[in-house]
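In my numbering, the protein residues as written are 96 to 479.
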């Protein structure tokens, strides 16, 4: 009797697997034969990825905690930034702001200074805004509540909920999108809502109910180490036998994406204005790098005489303007081609306190200067 019940359960799971497969991805695979992997393919994938997962291998400090705040900070930092780069920033940040309450009470300048070098400063501002809510109302304890906080999208909410609270919800980032696109040879574009939702549903079927946090982190590691965007190491993949793209020898054809628009290139001139060892900085009021400190920037590549004329019209008295450097800075959607000019300011017609003049030390320790100006800072550092 027991054997009959067990066999019946396996048959139901097998039939469910087939029905789910064709409901979710069958319309993309109608001319490709489906071979069941085991009595339930999702269970096979989950089991194998967890057996492969070794959380200590990468030495990531946020893997050693279940504190939702610490996991939250790490996930925000990891957006658009490689894990090894994040480690020292994460450790300094957690030392300065060990709790959400500490972050909520932080001065914005101190926060942005700690964030300097990570870029995408809006992440830090959203993090502080959300910390202020958490300090008042407490940390949400599920996916839906976390997603309601400023700056927390579906991926970050799922990562926190699964790792800290054990909620079985898939954290769909670029790694998981790539892995599942290849597993099922999904032709839907992953940068479109339909493609993301399809993979979200598939991943939520595959995720371990007992170890959802480990499953999500294993997927991150698999995408980082093996199922990479180019030259994936399919021969070493723990779930390679389940991968339709690997079987068809076309892994690098997936995932499908909308072709990117060419980045807009802009010529920019940056001015280093030196008044007795202090340098003029300004907080940008709008556009790119809005509300961030930086050196004066002018559209286009100016000649030395153009710089002199512009400064004279702005009440600066200078004797010379020298071009000191040229570099390219790549943003997500545009590229700056930058010329850097240095000018020693002899005197001002405008009141000095109407502007911010920062010493080299203050530029290093007080003001958060975006990486777009890093080569200009190097010019200053190289001066005696």
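Virtual Cβ for every residue (Gly too), placed ideally from N, Cα, C.
Put simply, the region 315-322 touches the region 331-339. At least three CB pairs are less than 8 Å apart. Taking residue 223 as the centre and dropping the five residues before and after it, the same chain places the C-beta of 198, 199, 201, 203, 206 closer than 8 Å to its C-beta, in chain order. The Cβ atoms of residue 436 and residue 402 lie closer than 8 Å to each other.
C-alpha of residue 184 to C-alpha of residue 310: approximately 25 Å in a straight line. Straight through space, the alpha carbons of residue 406 and residue 148 are spaced by roughly 60 Å. Between residue 366 and the set 170, 476, 375, the nearest pair of CA atoms involves 375.
Judged by beta-carbon spacing, residue 355 lies beyond the 8 Å limit of residue 285, meaning their Cβ atoms are not closer than that value. Taking every protein chain shown into account, the CB of residue 268 has 16 or more other CB atoms within 10 angstroms, so this residue is buried.
Residue pairing from DSSP places residue 424 in a beta bridge opposite 431.
At a Cβ-Cβ threshold of 8 Å, residue 271 and residue 255 do not count as neighbours. Judged by DSSP secondary structure, residue 374 falls within the beta strand (DSSP E) whose first and last residues are 373-378. Counting of Cβ neighbours within 10 angstroms places residue 345 among the exposed residues, the total staying below 16. Rounded to the nearest whole angstrom, the CA to CA distance from residue 175 to residue 383 is 17 Å.
For residue 365, the secondary structure class from DSSP, reduced to helix, strand or coil, is strand. Scanning 266, 225, 381 for the CA closest to the CA of residue 238 turns up 266. Proximity to residue 144 across 290, 249, 312 peaks at 312, based on C-alpha coordinates. In the three-state reduction of the DSSP assignment, residue 262 falls in the coil class, being assigned neither a helical nor a strand state. Residue 288: member of the alpha helix (DSSP H) spanning 288-301, first to last residue. Look at residue 144 here: in three-state DSSP terms it is helix. Annotation for residue 171: 218, 222 place their beta carbon closer than 6 Å to its own, counting only its chain and skipping 5 residues before and after. With contacts defined by Cβ atoms closer than 8 Å, residue 245 and residue 225 form a contacting pair. The beta-carbon distance between residue 389 and residue 454, rounded to whole angstroms, is 16 Å. This is too long to meet the 8 Å contact definition.
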